[in-house]
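**Student:** In full-length UniProt numbering, the protein residues as written are 1 to 190. Just so it is clear, CB atoms sit at the ideal spot from N, CA and C, and this is done for glycine as well.
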């Protein structure tokens, strides 16, 4: 089996983010040969086209981390029926300068958790629209709407329900299948 590195972005910069715990849970349930690595967004300044001629190093590093990953997962909370502003800001950095979108052809899964029954469904739909505009290869199924209930996850990301652990693993496995299916073909040497 090929080894894969999947980058992940947590769409919240809160120190108590349950979506960060969800991302850590994904790390814990990842199958052998799959490594998940956070790509942080908290240090990105506000995006402005004024930066297009001279990207700050933090933004260059952010874009390169996305580009270097075999695939991406975005774990987003839902703020006011959409995505957090800090996540949209990070996505704007990833898409600039024009013609250099880091998510172009990047296999990407979207997940999220909240205490509500519909989890982060509305926010994820907005996020999918943005990612599709960037020409990301967005995983359609399974959809990762996780209702966070007391005791479901420990702070370190341990999943205390085997059904939920298996479901999270299935998201990673589906993303790995998408990565493998869309990888450039190897051309034999002449």
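Evaluate residue 118 with the Cβ neighbour count: other Cβ atoms within 10 Å of its Cβ, from every protein chain shown; 16 or more gives buried, anything less gives exposed.
**Tutor:** For this step, residue 118 is matched to residue 118 along the chain shown. Residue 118 is exposed by the Cβ-count criterion.
**Student:** Is residue 177 helix, strand or coil when you go by DSSP?
**Tutor:** Looking up residue 177 in the chain shown gives position 177. In the structure shown, residue 177 sits in a helix (DSSP, three-state: H, G or I).
**Student:** If the criterion is Cβ atoms closer than 8 Å, does the pair residue 46 and residue 104 meet it?
**Tutor:** For the purposes of this step, residue 46 is taken as the residue at position 46 of the chain shown. For the purposes of this step, residue 104 is taken as the residue at position 104 of the chain shown. Not closer than 8 Å, so no.
**Student:** Among the residues of its own chain, which have a CB less than 8 Å from the CB of residue 68, if the five just before and after it don't count?
**Tutor:** Start at 1 with the first residue of the chain shown, and residue 68 comes out as number 68. Correct list, in chain order: 5 and 7.
**Student:** Between the region 30–42 and the region 130–145, are three or more C-beta pairs nearer than 8 Å?
**Tutor:** They do not touch, by the three-pair rule.
**Student:** Within the chosen definition, does the region 106–113 reach the region 46–65 through at least 3 CB pairs nearer than 8 Å?
**Tutor:** No, the region 106–113 is not in contact with the region 46–65.
**Student:** Once you ignore the five residues that flank residue 19 on each side, which residues in its own chain have a CB closer than 7 Å to its CB?
**Tutor:** As a first step, residue 19 must be located in the chain shown, where it is residue number 19. Taken in chain order, the residues that qualify are 10, 11, 12, 75, 76, 77, 112 and 113.
**Student:** Along the chain, which unbroken stretches of the alpha helix (DSSP H) at least 4 residues long are found entirely within the region 72–110?
**Tutor:** The qualifying runs are 85–94.
**Student:** For the alpha helix (DSSP H) holding residue 130, just list the boundary residues, first then last.
**Tutor:** Counted from its first residue, the chain shown places residue 130 at position 130. Element bounds for residue 130: 121–133.
**Student:** Roughly how many angstroms separate the alpha carbons of residue 22 and residue 157, rounded to a whole number?
**Tutor:** Walking along the chain shown from the start, residue 22 turns up at place 22. Walking along the chain shown from the start, residue 157 turns up at place 157. Approximately 6 Å between the Cα atoms of the pair.
**Student:** May I ask you to report which of helix, strand or coil DSSP gives residue 12?
**Tutor:** By one-based count along the chain shown, residue 12 stands at place 12. Residue state, collapsed to three classes: coil.
**Student:** Hey, out of 83, 171 and 120, whose CA is closest to residue 130's CA?
**Tutor:** Here residue 130 corresponds to residue number 130 of the chain shown, with the count starting at 1. It is 83.
**Student:** Reducing DSSP to helix, strand and coil, say where residue 170 ends up.
**Tutor:** What you label residue 170 is simply residue 170 of the chain shown in a count that begins at 1. DSSP places residue 170 in helix when its eight states are reduced to three.
**Student:** Please work out which residues of its chain come closer than 6 Å, Cβ to Cβ, to residue 81, disregarding the five sequence neighbours upstream and downstream, and give them in chain order.
**Tutor:** To locate residue 81, count along the chain shown from 1; it is residue 81. Excluding sequence neighbours, residue 81 sits near 122.
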